[in-house]
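Shown next, in structure tokens, is the structure this report addresses.
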Amino acid sequence: DDKTLKVSTSSVLAVAFLALLPSLTEATGKKHTKKGGKKKNNNKKGGGEAGVVYDAVIVGSGLTGLIAATELEEAGLNVKVLEAADRIGGKMYSKDLSDTQSVDYGGQWIGTDHTELMKLCDDLGITFFPVPSAYRTLTQEEIDDPTRPEDVGLVNGPFVSFTYGGRNYRPSTLAATAYDAWKFGESEIPEDVQADLANCLRDIYTLLGSFPEGGYPHELGDEWKFYDDMTVDEWFRTNTETDLGYFLCNQLGPSPNRINGGTGPAEPEASSMLNFLWSMTNSPPSQNPEAFLINGAAGQIPPRLAEKLDHPVAVSDPVVAIEQTKNAHGKIQAKVIAASGKTYKAKNVLVAMSPYMSGRIDYSPGLPWKRHQLNQHKPKGTVAKMLLEYPTRFWDDVPDQGGRLHFVDKGSGMLSFMGDCTDNRSSQGHWVILITGEQYDMFAAYESEEERKQAVLQELAGIYGEAALYPDSFDMADWPANKWVQGSYAAYWPPQAWTRFGEALIKPHGVIQWASTETALKWDGYFEGCIREGKRAARDILDGKIGDLPEKIFSGDYVEL
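In case it helps, the UniProt record's numbering puts the sequence shown at residues 1 to 561.
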């Protein structure tokens, strides 16, 4: 169906508003009131106001920070949002190619279980449409079928093609049912590899079936912390017998690792198996996290949220320090200091940035050692994104050339993932490519933008034919090179990071709260996680949640002998 989907509250089942508390706590000292019409404003470079004490200052104007600001203003608080870059939105940034096609340089997808994001789109009058991918969801009849193979689980059938060992593998036909999709054409995949894949899938789904839902990994029992001592690669190597079986199960199994979750945007060799199990349970690919695309692109959302705020977002002035002091009555007041020297006084501060980027700010008093270590042990992934527009969707005209989704192993090239993301209103074709992990290293080795572009087009043509060489437009987002982001699409967890430092993830430091998609309990790495964390942080501020603030950390002092 090519009709635009206008999703309302009722269409996403039981989406409920998070009720705000009937009164504010001592942290704000204000009566809890709902605000009426908001005055619009333009974002501009802002200065600290002498004598003004904000109820909350939010560092970062990504989706998490803007959602938190919206929630707090709705509760009657005086809020200021600060942004280091010259525009708002963080990685949520887009460009219009035409009246019917826009592209997102950052995230772009909506999942079927992303109820908060669907509600936000409905509130803003934004519509979305099914992604033109090769996935097909299991019907309820198939789900209830007692003969359904257990090792397939409830995942979608990925009608995809892939490149491995320099060879392109393609489904001979689109499978009639989701069950058959795992076969990728029996004539192309050796029987021993198919058996290897089936056994690995059975083992991983059995393990996932017993993994506890809810809570963070560091809160689990010792029987699960064992998995934080091994990498994802180690587990999959142990549970497969063939190299191609390893690739298929690791890349195209319950989650395409380095693409949509599991390890995060990292190599399996660098990521904790415990985090893989937790992510697959709390952000499951079986719930279609890439089911829809937004008409007009997701990047339109941050400006729409920002223009509703009472105060303009202060851009182009990065925060360099946050100081906290106690008055004679023991109450904490914070001072947020920007690179320009402007200062903002606040009763509460929300650092709405990834843990790694939050570590670039100077804190006084200093952070606890576990928070320092967490900031260093949750690095950003290496992901570049290519956006190509063609006169037509030529890939649909040559089905033997590949599917609408295609994966490439790192021994065969640098184009980790590619897929059809054409707006349903457009007569042209739009292709998205993600280059991740070690494959990003290959991409970054080219010294000029033109060399990178030609390398991408040549490799794409090797998969889809000569038509791939001639796009109407070619845009790229090199997120690891962006000074205010330094990676994408989110962060990942190396072995032992969760169990050693995880408790510091959202633990407040005085009146400083932490929130980003990386801190989300559910749907981490997605827009949905951003929204949930923005609301969680706002609730914590309204609840007066305050952490310890030691005046002096003696172990952190240098003592001259």
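All C-beta atoms, glycine included, are put in the ideal place defined by N, C-alpha and C.
Item	Value
Option in D243, H329, D310, N295 with minimal Cα separation from D99	N295
Contact belief for A491 with E533 at Cβ below 8 Å, rounded distance in angstroms	That belief does not hold up - the Cβ atoms of A491 and E533 are roughly 13 Å apart, past 8 Å.
Outcome for T238 when other beta-carbon atoms lying within 10 angstroms are tallied against a minimum of 16	exposed
Whole-angstrom distance between S516 and D524, CA atom to CA atom	9 Å
Length of the line joining the Cα atoms of E447 and C249	34 Å
For A334 and I512, the rounded distance between their alpha carbons	8 Å
Short Cβ contact (8 Å threshold) for T163 with D409	yes
Any non-hydrogen atom of the ligand GTP closer than 7 Å to E83 Cβ	In the structure shown, the ligand GTP is absent, as is every other ligand, since no ligand is present at all.
Cutoff 7 Å; reference N260; Cβ partners in own chain excluding five residues on either side	Because the pLDDT of N260 is 42, which lies under 50, any placement of that residue in the model is unreliable, and the number read from its coordinates should be weighed accordingly. So the qualifying residues of the chain are P285, P289, E290.
Proximity below 8 Å, CB of A520 to CB of A68	no
Nearest-angstrom Cα separation, counted from H509 out to G419	42 Å
Buried/exposed call for E83, threshold 16 Cβ in 10 Å	buried
C-beta contact flag for Y227 and M273 at 8 Å	yes
CB contact flag (P471, Y390, <8 Å)	yes
Cα-Cα separation between A384 and P265, rounded to whole angstroms	11 Å
Test item: CB-CB of A56 and V315 under 8 Å	no
The segment 96 to 112 contacting the segment 297 to 306, beta-carbon criterion three pairs below 8 Å	yes
For L388 and A468, the rounded distance between their alpha carbons	9 Å
Contact the segment 58 to 75 vs the segment 421 to 439: 3+ CB pairs below 8 Å	no
Backbone CA spacing between I531 and I506 [nearest angstrom]	15 Å
Top-ranked residue by Cα proximity to G76, from T242, E267, D310	D310
Cα-Cα separation between P550 and D362, rounded to whole angstroms	16 Å
As assigned by DSSP and simplified to three states, the class of N288	coil
Close beta carbons around C200, own chain, < 6 Å, minus the five adjacent residues each side	N239, T240, C249
Continuous alpha helix (DSSP H) assignments of at least 4 residues falling wholly in the segment 325 to 371	355 to 358
Alpha helix (DSSP H) segment containing F443, residue limits	437 to 444
For L387, three-class secondary structure by DSSP	strand
N327, buried or exposed, once every other Cβ within 10 Å from all chains shown has been counted against 16	exposed
L124 to P130 span [Cα, whole Å]	19 Å
Candidates M414, H430, L415, of which the one nearest C421 by Cα	H430
With 16 other Cβ atoms within 10 Å as the buried cut-off, status of W278	buried
Environment of H406 [buried if 16+ CB atoms lie within 10 Å]	buried
Spatial distance of E307 from K535 (CA atoms)	19 Å
DSSP-derived helix/strand/coil call for N168	strand
Separation of V81 from V432, as counted between CA atoms	32 Å
Opposing strand residues paired with H406 [DSSP bridges]	S161, M418
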